[in-house]
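Numbering (UniProt numbering), first residue to last: 1 to 448.
Set out below in structure tokens:
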């Protein structure tokens, strides 16, 4: 059922302190709370609710938590802990009185991320609207953009063969215990020792001994797979429960190093892809490719992320440019005159190729276009901020929906991080401008 709309009474309470009486109302979070259009967000999210059941959690409370989480780069648990002792967090989420305990469960954040799905782009659009309203982003800054791709790493370790085989053995044993399937032998101790010795032999470059340990792991994993299949044969419920884990374990057991074609890099996150970016420090990254669009010219508030999207299946950069430009125009409501990209976008599919300029291009590059093309590399530190200060550097959310949500929310958090210092600067400018009016002494009437 749709949650009841939050309304403040404006009245006092003898036993509780009102937040607007104990906090600084000029704080940037208080100013930001007044700029966000909570009613518009409420109206857009309301269709996701059914008409039956008990009233849900207030939309402003959960959306406010998601905003705060990605503005300050907090985990779900850290956000809930900080909310309890930070009155500015409570005011931002719509509370009227100071609360001494978190009123809901931490898992509600996970449920809300799944519920919002594609609606998360609304928060990115709202961050751009607030930036435009406060003057941090101008309409002319939206006409020339820079487009680039990066990798959003997944929360997995480096996928060596020994680790994958060991993880498959542990995963199948865990699932067998959960469903009451009694195995002839678990091989957990043997697998742990073999995985540990395999990594030591590989480090010492004793590759024959390393391969021997891998053979031990593969043979034990094969025994477990065959044992489970014998035990669950003819039981439809168990066969359905074990179908996906057994297929993953079989893939891990059969794949070899340097083989061509699709490979599985994680037992618990099969969506992980191996993406080579040509970096000396990290030749390969394991996660999902993400497309980022920023304004080319520096706006008064800095560089903002105009569009962000996860790109599963590792598509070629040039084949994603048309969609990136179209989605950016939809979010900003402004037509893009020129887009600047790197050499990875050669052979792109943009609708108007004449308005796309590639790094290193000489033909048609002069004057303003030459200066703007030189600013193409300014998107790289923005990607660095998204990874270092936001959550783009490591995605802990589950599955491809989690990858898509994390990219959009990280971009939204970056935009609001750019807006907060702009609000502080704007407030300071207003105070300085109004100070002479307050500092001028009042002239007294001589007749008095």
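Here a beta-carbon is modelled for each residue, glycine too, at the ideal position from N, C-alpha and C.
Every value quoted in this text rests on a predicted model; they were computed, and no experiment measured them.
- Secondary structure at residue 314: coil, using DSSP grouped into helix, strand and coil.
- For residue 340, the enclosing beta strand (DSSP E) starts and ends at 338 to 341.
- In this structure residue 407 is in contact with residue 392, their Cβ atoms being roughly 7 Å apart against a cut-off of 8 Å.
- Looking only at 64, 270, 147, the smallest Cα-Cα distance to residue 109 is reached by 64.
- Considering only 283, 305, 331, 292, the residue with the shortest C-alpha distance to residue 317 is 292.
- Counting C-beta atoms within 10 angstroms of its own C-beta, residue 112 has 16 or more neighbours from the protein chains shown and is therefore classed as buried.
- Within a 10 Å sphere around the beta-carbon of residue 332 sit 16 or more other beta-carbons, which makes this residue buried.
- Under the three-state reduction of DSSP output, residue 205 falls in the coil class, being neither helix nor strand.
- Every beta strand (DSSP E) of 3 residues or more that sits fully in the region 246 to 303 is shown, in chain order, as 273 to 276, 284 to 295.
- Collapsing the DSSP output to three states places residue 414 in a helix.
- Secondary structure within the region 157 to 191: not one fully enclosed beta strand (DSSP E) run of 3 or more consecutive residues is present.
- Between residue 214 and residue 177, the alpha-carbon positions lie close to 25 Å from each other.
- In the DSSP assignment, residue 151 falls within the unbroken beta strand (DSSP E) covering 144 to 153.
- Rounded to whole angstroms, the gap between the alpha carbons of residue 256 and residue 313 is 21 Å.
- As DSSP reads the structure, residue 356 sits in a beta bridge with 339.
- Straight-line spacing of the CA atoms in residue 209 and residue 185 works out to 24 Å.
- For residue 394, no alpha helix (DSSP H) run applies, since DSSP gives it neither H nor E.
- Comparing C-alpha distances from residue 23 to each of 39, 91, 3 shows the shortest one belongs to 91.
- Taken through DSSP and simplified to helix, strand or coil, residue 305 comes out as strand.
- Secondary structure of residue 54 (DSSP, three-state): coil.
- The criterion of a C-beta distance shorter than 8 Å is satisfied by residue 265 and residue 159.
- Going by beta carbons, residue 3 and residue 53 fall outside the 8 Å limit.
- Under the 8 Å Cβ criterion, the region 400 to 415 counts as touching the region 64 to 81, having at least three qualifying pairs.
- Spatial neighbours of residue 322 in its own chain (CB-CB distance under 8 Å, excluding positions within 5 residues in sequence) are listed in chain order as 348, 349, 350, 351.
- DSSP, reduced to helix, strand and coil, places residue 429 within a helical segment of the structure shown.
- Just so you know, the alpha carbons of residue 180 and residue 89 end up roughly 45 Å apart.
- According to DSSP, residue pairing for residue 215 in a beta bridge does not occur.
- Taking a 10 Å sphere around the C-beta of residue 62, we find 16 or more other C-beta atoms and assign the residue as buried.
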